[in-house]
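Engineer: Numbering (the numbering used here), first residue to last: 287 to 372. Beta carbons are placed, not taken as given, at the ideal position from N, Cα and C, and that holds for glycine. I'd like to ask some things about the structure below.
Here it is as C-alpha cells:
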C-alpha cells in the first residue's frame with residue numbers, strides 16, 4: 287500500500303481513486319507545463335500551533351529562502367529555454 291502522490295490517499299498499486307486522482311494528475315501536469323514542481327510543497331503546516339515567535343521567524347525565513355531558490359531556478363530554466371529557441 288502506497289500513498290498516492292497526487293491525491294494523498296492510501297492505495298495499492300492496482301487501485302485508482304477514479305475522478306479524484308484524474309483531477310489531481312491533470313493539475314500536476316498543468317503545474318509541470320508552467321515550470322513548477324508537479325506536486326506543490328505544502329509549507330503552511332511547518333509551524334506548530336504553539337510555536338514561539340523565534341520559531342515562527344525561523345520557519346518563515348526558511349520558507350522564503352526556499353521560494354527564492356525555486357524562483358531563481360525557474361528564471362534560469364526560462365533563460366536557457368529562451369536561448370535555445372533563438
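Closest to residue 322 by CA distance: which of 347, 344, 353 and 368 is it?
Structural biologist: 353
Engineer: Pick helix, strand or coil for residue 343, following the three-state DSSP scheme.
Structural biologist: helix
Engineer: Beta-carbon within less than 7 angstroms of residue 363's beta-carbon, same chain only, minus the 5 sequence neighbours each way: which residues are those?
Structural biologist: Listed in chain order, the non-local C-beta contacts of residue 363 below 7 angstroms within the same chain comprise 321, local neighbours out to five positions each way being set aside.
Engineer: Is the distance from the Cβ of residue 306 to the Cβ of residue 297 below 8 angstroms?
Structural biologist: In this structure, residue 297 does not lie closer than 8 angstroms to residue 306 by Cβ.
Engineer: How far does the alpha helix (DSSP H) with residue 249 in it extend, from its first residue to its last?
Structural biologist: There is simply no residue 249 to check, as the chain begins at 287 and stops at 372 in what is shown.
Engineer: Mapping the DSSP letters down to three states, classify residue 364 as helix, strand or coil.
Structural biologist: DSSP places residue 364 within a helical segment (H, G or I) once states are collapsed to three.
Engineer: Reducing DSSP to helix, strand and coil, say where residue 295 ends up.
Structural biologist: coil
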